[in-house]
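Residue numbers (this note's numbering), protein chains in the order written: chain A, 23 to 472; chain B, 23 to 472. Using N, Cα and C, we set each Cβ at its ideal position, and we do this for glycine too. As the structure is a prediction and not an experimental result, all values here were calculated from the model. Notes for the one structure printed next.
Below is the structure:
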């Protein structure tokens, strides 16, 4: 049994939905389908979700225009699929009810936004029925997706999984709208960003699927940012851990939280292209066999800074590191890494974590409370991460990597490699990111001398 | 004005003391002299300090034997120097008073141990007088070394420095016994290990010396452990920071605390050989000009372990790193480094910090309190440190270093380089230390291709 999730671009138009039904009906294992709301059909198009947000954030007159646009969008899809449009009457009524305030919504925005996924799920099941397939729209309440009472950032509750498991016994293809669930007292709540991916992952974990297929508009995950290296190699298999390290810095495959349910249930995830479904795609698995290639990908990101502190005999002072991190915690600052020398410690964080007014407070607290010899802040740093499980068991990865930096004339300011076996982090100046990543790609992926 | 400190082997015998007086009298700037107690004259010899400890830890009869041995040792020195021995009567009396308990000492051991340095200082000033020089024995109380009330681990109090500055006005050569000071209510207290170095450093800082000369029995500091590399190169100049990083792992130039007063007062320190005073020696300074050589030394040590923890989405959890370090702090464990990945963190510590019974508690607390996915302990780790200020401004140090590890077939398990510009740490298996350090030495100090 497979769970297939289709993203916004895969359900943007009637022609896209035809591809989706082809994919679904080609494999009898694809019994559970999760859908997003219709996305952009062309670069300047507006996503249905953005139109729905427009309804919630505009005055009454403008809101009507947004409602018309939403209805028009779905009407076009239904007409192109030769389906009746009467399903939209109820949609219009409920959207108008929100605008007129006929019904009091605690979290109006969640209810508005969910309309996109919900309507699309109904449209898709109608179309499958029209084609002669046994398919059912299943509301998340009926499916058993029970969530916490947090508008716009609901968390799935554990009891959902047992309920979802019951879906295995149902006949036909089940179409579930992504992005939302219900509290135990039946109030609609939306998930945070990446919400349809979350629904897919929850459903896959609940029904104990053999595979969670995530259909999108790219053939696969690339081993390096295609903005930096032209036509980079595809990654065919990577582990959850590798995906997580890659998505951290410059990769946007998935919102990290989205995969947690699938990850915990050890469900493999496939990333596939709706527009090119015969392509191999990328598989994300719990474990993979050691390959010849020591690293699977190179991630990079800019906008970091480091707080460097030094104090003679620091390493004799029990609690110093803890105290430094505690000051940051108390000031509400998250950090990324904390490499250390004997008498010094650097803390690396994203620049937005330390606006100038906070910088002053933090520097003063470090100076006063830790009685350090020096505190300096270095901005405009970039991070480059080599990612690959088992990487640190290969003698020579560090050698090759640092040679690549040298060839690119990029100085390494910081290196951090724990015993994690998953990544090696290099801190450099921001302006070194592009040459460094290009040199690393050449060394690890082009020159075949591993 | 220079402060010259002579270590145990430099004052072990009359012939050594002749070298010492030659050194002192050769340079009129050497106005302040700090001495240790007589050390070993040959491999199986017993240090005077150890004889004195014997007095304090033995029964009354055995203690008498130790007193005789101490007196005999000084008598031989005095006789060989053609000096009268009546100065020893008072020494014998006070040692016997300790044994008979005629005088109640709160900290008997401190008083006993201090006798070695104190007597030697008297002997040396007598000898200088005998040679026709104006020299004075100056007791630490008279010199103004005021310390905290901590037997065996006294700390100098700030008021000492102003008092010591007065010594500049005195005529002649002043001989001060190392290793002890007095509380403000005039009770004798000994410094911790490396105590004579501490006295030298305090005096140098107090009188604002131009140079603190530390005379010992080696020509200089070597760039690598001579047990690993035969006849390694000498280091002529290194900074305090570099010395500190080197002394941390396998180097025993100085006890780290000893240099703090000199460091704070920015007094340069020279390490010289009493037996070969014309040798250039090693100078430790606050700052040094950038040299061609990117690193000054390679330190290494074994006996480390790492605690590795991983947890999906760890880096989203504000306070995780702080909490992990706090658990260690609460269990009384000091750590050395804490390199991190996105979802994992390693903490490196010395093995003696985590005996098996503590390991169980720590692993349980980490599992329970942090709800991690994995905790693993890896023992038998070694650390190799490349040390050199400004090192990280040179593109290619990391490349050369990791190539050397590769040539030695030693896998790098961890790398830690902060923005400190002083050191780069490599974590490896213990059995890789010797081949790795030899390969690094060859690459950085023998092959002249920096």
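Buried versus exposed call for residue i [16 or more other C-beta atoms within 10 Å across all chains shown]
i, result
"residue 18 of chain A", "This structure cannot speak to residue 18 of chain A, because chain A is shown only from 23 to 472."
"residue 7 of chain A", "Chain A is shown only over 23 to 472; residue 7 of chain A falls outside these bounds and no answer can be derived."
"residue 269 of chain B", "buried"
"residue 235 of chain B", "buried"
"residue 438 of chain A", "buried"
"residue 332 of chain A", "buried"
"residue 383 of chain B", "exposed"
"residue 425 of chain B", "buried"
"residue 304 of chain B", "buried"
"residue 468 of chain B", "exposed"
"residue 401 of chain A", "exposed"
"residue 279 of chain A", "buried"
"residue 139 of chain B", "buried"
"residue 17 of chain A", "Outside the shown range of chain A, which is 23 to 472, sits residue 17 of chain A, and nothing can be said about it."
"residue 119 of chain A", "exposed"
"residue 191 of chain A", "exposed"
"residue 421 of chain B", "buried"
"residue 38 of chain B", "buried"
Bridge partners - residue i, DSSP secondary structure assignment
i, result
"residue 85 of chain A", "Residue 85 of chain A pairs with nothing; no bridge assigned."
"residue 155 of chain B", "Residue 155 of chain B is not bridged to any residue."
"residue 330 of chain B", "B:368 and B:398"
"residue 323 of chain B", "B:405"
"residue 211 of chain B", "B:203"
"residue 234 of chain A", "A:25 and A:291"
Residues of its chain near residue i, where Cβ-Cβ distance is below 7 Å and the 5 sequence neighbours each way are ignored
i, result
"residue 316 of chain B", "410, 413, 416, 419 and 472"
"residue 163 of chain A", "204 and 208"
"residue 43 of chain B", "149, 150 and 153"
"residue 387 of chain B", "349"
"residue 176 of chain A", "169, 170, 203, 211, 212 and 213"
Closest residue to residue i among the options (Cα-Cα distance)
i, options, result
"residue 325 of chain B", "B:227, B:372 and B:123", "B:372"
"residue 428 of chain A", "A:439, A:445, A:402 and A:455", "A:455"
"residue 302 of chain B", "B:28, B:384, B:285 and B:256", "B:256"
"residue 299 of chain B", "B:35, B:438 and B:47", "B:47"
"residue 248 of chain B", "B:459, B:284 and B:170", "B:459"
"residue 258 of chain A", "A:283, A:141 and A:290", "A:290"
"residue 377 of chain A", "A:89, A:356 and A:392", "A:356"
"residue 67 of chain A", "A:58, A:331, A:34 and A:82", "A:34"
"residue 293 of chain A", "A:86, A:38 and A:223", "A:223"
"residue 288 of chain B", "B:232, B:329 and B:254", "B:232"
"residue 444 of chain B", "B:310, B:196 and B:461", "B:310"
"residue 117 of chain B", "B:394, B:86, B:98 and B:261", "B:86"
"residue 476 of chain A", "A:421, A:92, A:346 and A:53", "An answer regarding residue 476 of chain A cannot be provided, because it is not within the stretch 23 to 472 covered by chain A."
"residue 27 of chain B", "B:121, B:226, B:399 and B:265", "B:226"
"residue 92 of chain B", "B:82, B:110, B:243 and B:217", "B:110"
"residue 196 of chain B", "B:244, B:245, B:145 and B:452", "B:145"
"residue 263 of chain B", "A:165, A:366 and A:308", "A:366"
"residue 327 of chain A", "A:392, A:180 and A:405", "A:405"
"residue 351 of chain B", "A:354, A:340 and A:361", "A:340"
"residue 453 of chain A", "A:133, A:403, A:25 and A:115", "A:403"
Own chain residues within Cβ distance below 6 Å of residue i, not counting five before or after
i, result
"residue 194 of chain B", "156, 157 and 158"
"residue 161 of chain B", "none"
"residue 337 of chain B", "364"
"residue 446 of chain A", "408 and 439"
"residue 131 of chain B", "78"
"residue 342 of chain B", "336"
"residue 65 of chain A", "none"
"residue 369 of chain A", "329, 357 and 360"
Contacting residues, own chain, Cβ-Cβ under 8 Å from residue i (five flanking each side not counted)
i, result
"residue 348 of chain B", "none"
"residue 136 of chain A", "199, 201, 202, 210 and 212"
"residue 238 of chain A", "29, 31, 32, 293, 294, 295 and 296"
For the region 285 to 298 of chain B, enumerate the residues whose C-beta is nearer than 9 Å to any C-beta of chain A, in chain order. For the region 285 to 298 of chain B, the residues whose beta carbon sits under 9 Å from a beta carbon of chain A are, in order, 285 and 286.
- Task: Please list the residues of the region 349 to 366 of chain B that have a C-beta atom closer than 9 Å to any C-beta atom in chain A, keeping them in chain order.
- Result: 350, 351, 354, 355, 356, 357, 358, 359, 360, 361, 362, 363, 364, 365 and 366
Chain A contacts from the region 427 to 459 of chain B (Cβ-Cβ distance under 8 Å) | 427, 428, 431, 432, 433, 434, 435, 436, 437, 438, 439, 440, 441, 442, 444, 445, 446, 447 and 449
Members of the region 255 to 266 of chain A that neighbour chain B once the beta carbon cut-off is set at 9 Å:
262, 263 and 266
- Query: Between the region 312 to 335 of chain A and chain B, which residues of the former have CB atoms less than 8 Å from a CB of the latter, in chain order?
  - Reply: 328, 330, 332, 334 and 335
### Message
Residues of the region 154 to 186 of chain B in Cβ contact with chain A at a cutoff of 9 Å, in chain order, please.
### Response
Of all residues in the region 154 to 186 of chain B, none has a Cβ within less than 9 Å of some Cβ in chain A.
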